[in-house]
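Just below is one structure, and these are the notes that go with it.
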Amino acid sequence: MAGQGKDNMKYLGGYSQDLQDKARLLAERGQLAEVLRGRYPAGHLIRTDKALYDYVVDLKNLYIRNGAPINKVAFDSKIQVMAHALGLHTTISRVQGMKLKAKREIRIATIFREAPEQFLKMIAVHELAHLKEKEHDKAFYNLCERMEPNYHQYEFDLRLYLTHLDQPGCGALWGAGPR
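Once you know that position 173 of the sequence shown is 173 in full-length UniProt numbering, the rest is easy, because the numbers rise by one and skip nothing.
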């Protein structure tokens, strides 16, 4: 592990040194892909923005019934995952006549179009939780866990996947690209 900078574990910075060391060892041995494919053998089938919208709205209706409506959900190729964004939620307010109208959008990085459904759900749950909780605090993560009890495990594994993608010569595991 000497000679390996901490930068190759940039997605795991908030985790214990022990977990980072284990992930680093798996990466050095080229075993991250094997571990991830063992846990998540297949990608999801949600490929269009319409299917993604329906998926996210179904989750919202199941867990946040009285939350504000979502106007748009889309995969977004402009989201820079490598800059630590997996998805985005925005609210745009506009004056229409005498009323103030808010439009809410959720965008998910295109890289997750060909990922396991668990990763997509984790990101969707995260962005939906922002409809009720703005800050990443205890209430926010409690809501995430209520919507997806395995939220933290999926987030960790998603970060392992991003670490895998950062390795030279490694590509997508569940869709198009090198295997």
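All residues carry an ideal CB built from backbone N, CA and C; glycine is no exception. These numbers come from a predicted model, not from an experiment.
Reference residue i; option with closest CA among the options
i: residue 150; options: 107, 100, 118, 13; result: 118
i: residue 44; options: 121, 158, 145; result: 121
i: residue 166; options: 28, 21, 152; result: 28
i: residue 162; options: 24, 131, 18; result: 24
i: residue 49; options: 22, 8, 105; result: 105
i: residue 13; options: 51, 109, 155, 52; result: 155
i: residue 66; options: 97, 131, 148, 17; result: 131
i: residue 111; options: 102, 96, 46; result: 46
i: residue 170; options: 99, 30, 10, 143; result: 30
i: residue 76; options: 21, 143, 109, 68; result: 109
i: residue 53; options: 100, 127, 11; result: 127
i: residue 116; options: 95, 141, 172, 144; result: 172
Per DSSP, cross-strand counterpart(s) of residue i
i: residue 76; result: 109
Anticipated Cβ contact below 8 angstroms, residue i with residue j, distance rounded
i: residue 114; j: residue 174; result: 5 angstroms
i: residue 107; j: residue 74; result: 6 angstroms
i: residue 137; j: residue 39; result: 29 angstroms between Cβ atoms; not a contact.
i: residue 59; j: residue 139; result: About 18 angstroms separates the two Cβ atoms, so there is no contact after all.
i: residue 70; j: residue 56; result: 7 angstroms
i: residue 63; j: residue 159; result: That pair is no contact at about 23 angstroms.
i: residue 36; j: residue 152; result: Going by Cβ atoms, the distance from residue 36 to residue 152 rounds to 16 angstroms, so no, they are not a contact pair.
i: residue 26; j: residue 19; result: With a Cβ gap of about 11 angstroms, residue 26 and residue 19 do not count as contacting.
i: residue 42; j: residue 68; result: With a Cβ gap of about 33 angstroms, residue 42 and residue 68 do not count as contacting.
Residue range of the unbroken alpha helix (DSSP H) whose run includes residue i
i: residue 147; result: 138-147
i: residue 62; result: 49-63
i: residue 122; result: 117-129
i: residue 155; result: 151-166
Please go through the stretch 17-42 and give each complete alpha helix (DSSP H) segment of 4 or more residues, from N-terminal end onward.
-> 17-28, 32-39
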